[in-house]
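Novice:
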Amino acid sequence: MSILLSLAVLLFQEASDGRVAQMIKGVRSPDLSKFLVIGALLFIIGVAGVLTRRNIIVIFMSIELILNAANLNFIAFSRYLQETGSVNAYAGQVFAVFVIVVAAAEAAIGLGIVIALYRNKETIWVDEIDLLKW
Amino acid sequence: MILSGWEAFFFWFFGLAAIFAGLLTVMARNAVHCALFLISSLVSVAALFVLAHAEFIAGVQILVYVGGVMVLFLFVIMLVNVGAEEQGREEIFNRPRQVTASLVFCFLLVAGVLFAVNTGYQELQKRAAIQMATTGSDQDSNLPPTATGTSRLTAQTETVGGILYRYGSLPFEIASVLLLVAIIGSVMLARTLKQEVSADDVDPDVLQEEAREHPEVARVEVSS
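Structure (structure tokens):
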């Protein structure tokens with residue numbers, strides 16, 4: 780629902796300037812901003828998943844989605860800087876490698892915690908895991 | 005960076021596929037379906053990486069995420085029982101009030117991010133135009149053509165590797181320590197009580213108390 784609304788906002792902003800032709804051109808030849816929009820939408824889908832789901836495993840999957848959206852932005856900016864001839868153009872790709880490493884470590888530890896929790900509490904619903912609530 | 009022709013087609017194809025699969029990841033009832041949709045989303049994002057000339061990262065993405073992390077997810081789904089969710093007896097989303105609050109915040113985030121992308125990008129384009137005018141570089145035309153002659157060979161992987169070891173060698177080593185910690189930590193976290201007792205890793209008082217409830221724990225031989 781929020782995704783549809785965001786698309787509507789985007790379309791409205793572009794069309795209200797009276798530049799529908801430019802919008803069609805933007806669709807026919809996507810540039811950096813389209814990468815950023817797709818990254819932003821993936822990020823927000825991930826945030827919505829983390830905030831709304833009850834299954835802790837699906838919450839971890841949503842976190843992977845968020846990290847991937849960040850990676851997409853890094854790669855897109857890296858490509859953009861390569862073409863403008865910037866000095867540090869490849870830093871984005873190197874950083875993306877580190878993001879993937881951290882995501883893998885986080886998934887391993889997180890799933891270990893899930894198994895330990897399931898063994899002790901017999902549940903994977905986050906609203907039933909309220910040990911730190913008072 | 006402006007994509008054109010088939011590149012533009014594939015950009016929209018994989019971009020929309022990534023978003024659609026991401027939505028289904030969040031909405032699917034069955035956790036295994038969630039994992040499969042997440043895999044297709046990750047593969048689509050890897051295709052976007054290829055379109056952005058980051059072939060090495062795309063390969064790493066497929067190998068590490070789809071080959072490693074997602075298999076781990078599927079094994080954990082197998083180990084914890086999610087039958088109730090699949091049969092539709094359990095609610096998959098949190099309580100309605102929390103869902104509404106989070107969706108309101110998500111909407112604010114969407115509006116803010118799209119506004120920032122739209123306004124900030126125009127400034128970026130102006131700066132890029134100035135930079136392009138001064139350097140005027142089109143590096144692609146200097147690269148050697150491939151065997152079919154339709155595209156050009158890139159030296160992306162070589163460059164990324166060079167920069168990774170030249171400027172990022174300390175973070176690289178720290179990342180290897182992080183991975184080691186992750187291996188040991190996940191093994192420690194996932195141990196059962198029996199395994200802890202057999203490694204002689206339990207406080208004697210705790211062991212006595214546990215043995216009262218679970219008699220089989222007391223019979224475990226301590227292996228040195």
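Protein chains in written order, with the working numbering: chain A, 780 to 913; chain B, 5 to 228.
Glycine is no exception: its CB is placed at the ideal position from the N, C-alpha and C atoms.
1) Who does F97(B) pair with in a DSSP beta bridge?
2) Please work out which residues of its chain come closer than 6 angstroms, Cβ to Cβ, to G818(A), disregarding the five sequence neighbours upstream and downstream, and give them in chain order.
3) With a threshold of 8 angstroms between beta carbons, is T29(B) in contact with chain A?
4) Measuring straight from C-alpha to C-alpha, what distance separates A887(A) and V799(A)?
5) Anyone know if the C-beta pair for A51(B) and M840(A) falls short of 8 angstroms?
6) Looking only at C-alpha atoms, which of F79(B), I61(B), F24(B), L46(B) sits nearest to S36(B)?
7) Alpha carbon to alpha carbon, what distance is there between R101(B) and K174(B)?
8) Leaving aside the five residues before and after Y69(B) along the sequence, list all residues of the same chain whose C-beta is less than 7 angstroms from its C-beta, in chain order.
9) Determine, for E95(B), whether the minimum Cβ-Cβ distance to residues of chain A falls below 8 angstroms.
10) Could you check if R832(A) is buried or exposed, using at least 16 other CB atoms within 10 Å of its CB as the buried criterion?
11) Over what stretch of residues does the alpha helix (DSSP H) that includes I187(B) continue unbroken?
12) Look at the alpha carbon of R216(B) and the alpha carbon of V181(B), and state the distance between them as a whole number of angstroms.
13) Would you kindly work out how many angstroms separate the C-alpha atoms of L184(B) and S865(A), rounded to a whole number?
14) Cβ closer than 7 angstroms: which chain A residues qualify as neighbours of H57(B)?
15) Take V893(A) as the anchor and find which of I908(A), V880(A), A882(A), A883(A) has the nearest alpha-carbon.
16) Does any C-beta atom of chain A lie closer than 8 angstroms to the C-beta of T158(B)?
17) Measuring alpha carbon to alpha carbon, tell me which of V876(A), V880(A), F856(A), K813(A) ends up nearest A12(B).
18) Go through its chain and collect everything with a Cβ distance to G116(B)'s Cβ below 6 angstroms, but skip five positions before and after it.
19) Going by beta-carbon coordinates alone, are L844(A) and V878(A) separated by less than 8 angstroms?
20) Pull up the distance between the alpha-carbon of L890(A) and that of Q65(B), whole angstroms please.
21) Assuming the contact rule is C-beta atoms closer than 8 angstroms, S8(B) and S857(A) should be a hit. Round their C-beta distance to whole Å, please.
22) Strictly under 8 angstroms for the Cβ-Cβ distance: is D810(A) near chain B by that measure?
23) Flag L174(B) as yes if its beta-carbon sits less than 8 angstroms from any beta-carbon of chain A, otherwise no.
24) Any C-beta of chain A sitting closer than 8 angstroms to the C-beta of A51(B)?
25) For S202(B), tell me which candidate among V73(B), V221(B), L193(B) has the shortest Cα-Cα distance.
26) Which class does W913(A) belong to by DSSP, given the choice of helix, strand or coil?
27) Tell me, please, whether the segment 118-125 of chain B touches the segment 14-28 of chain B by the rule of three or more beta-carbon pairs shorter than 8 angstroms.
28) Using a Cβ cut-off of 7 angstroms, pull out every chain A residue sitting near V121(B), in sequence order please.
29) Alpha carbon to alpha carbon, what distance is there between V226(B) and G19(B)?
30) Near W904(A), which residues of its chain fall below 6 angstroms by C-beta distance, leaving aside the five closest residues on each side in sequence?
31) Which residue or residues does DSSP assign as beta-bridge partners of W904(A)?
32) Is D209(B) helix, strand or coil by DSSP?
33) Would A159(B) be called buried (16 or more neighbouring beta carbons within 10 Å of its own) or exposed?
34) What is the rounded straight-line gap between the Cα of F53(B) and the Cα of F15(B)?
35) Could you tell me the distance, in whole angstroms, from the CA atom of E213(B) to the CA atom of V30(B)?
Specialist: So, to answer that:
1) DSSP lists R832(A) as partners of F97(B).
2) Within the same chain, G818(A) has close Cβ partners A848, L851, N852.
3) Chain A, which has a Cβ nearer than 8 angstroms to the Cβ of T29(B), makes this yes.
4) Roughly 47 angstroms between the two C-alpha positions.
5) No, the pair does not count as a contact, with Cβ atoms beyond the cut-off.
6) The question names Ser, but residue 36(B) is Val in the sequence shown. Checked all of F79(B), I61(B), F24(B), L46(B); the closest Cα to V36(B) is F79(B).
7) Rather than Lys, the amino acid found at residue 174(B) in this sequence is Leu. Per the coordinates, the alpha-carbon of L174(B) lies some 46 angstroms from the alpha-carbon of R101(B).
8) Correct list, in chain order: L46.
9) Yes, E95(B) counts as interfacial toward chain A.
10) It is buried - the Cβ of R832(A) has at least 16 other Cβ atoms within 10 Å.
11) Element bounds for I187(B): 173-193.
12) Linking R216(B) to V181(B) through their CA atoms gives a straight-line distance of about 40 angstroms.
13) Here the alpha carbon of L184(B) sits roughly 35 angstroms from the alpha carbon of S865(A).
14) Correct list: R858.
15) Of the listed residues, the one whose Cα sits closest to V893(A) is I908(A).
16) No - not a single Cβ of chain A is within 8 angstroms of the one on T158(B).
17) Nearest Cα to A12(B) within the set V876(A), V880(A), F856(A), K813(A): K813(A).
18) Once the five neighbours on either side are set aside, G116(B) has no close Cβ partner at all.
19) If you check the CB distance, L844(A) and V878(A) do not come in under 8 angstroms.
20) One C-alpha to the other measures close to 19 angstroms.
21) With 8 angstroms as the limit, S8(B) and S857(A) do not qualify as a contact, their Cβ atoms being about 20 angstroms apart.
22) Answer yes: the Cβ-Cβ gap between D810(A) and chain B drops below 8 angstroms somewhere.
23) Under the Cβ distance rule, L174(B) does not count among the residues neighbouring chain A, no pair being separated by less than 8 angstroms.
24) For A51(B), the answer is no, since every Cβ of chain A falls outside 8 angstroms of its Cβ.
25) Of V73(B), V221(B), L193(B), the residue nearest in Cα terms is V221(B).
26) Here W913(A) sits in coil by DSSP.
27) Two segments are said to touch when three or more pairs of C-beta atoms, one from each, lie closer than 8 angstroms; by this definition the segment 118-125 of chain B does not touch the segment 14-28 of chain B.
28) Going along chain A in sequence order, the residues near V121(B) (Cβ under 7 angstroms) are S812, L815, V816, A819.
29) Straight-line measurement puts the Cα of V226(B) at about 55 angstroms from the Cα of G19(B).
30) Excluding sequence neighbours, W904(A) sits near R833.
31) Answer is N834(A).
32) Of the three classes helix, strand and coil, the one that applies to D209(B) here is helix, per DSSP.
33) By the 10 Å Cβ count, A159(B) comes out exposed.
34) Their Cα atoms are separated by approximately 10 angstroms.
35) Rounded to the nearest angstrom, the two C-alpha atoms are 42 angstroms apart.
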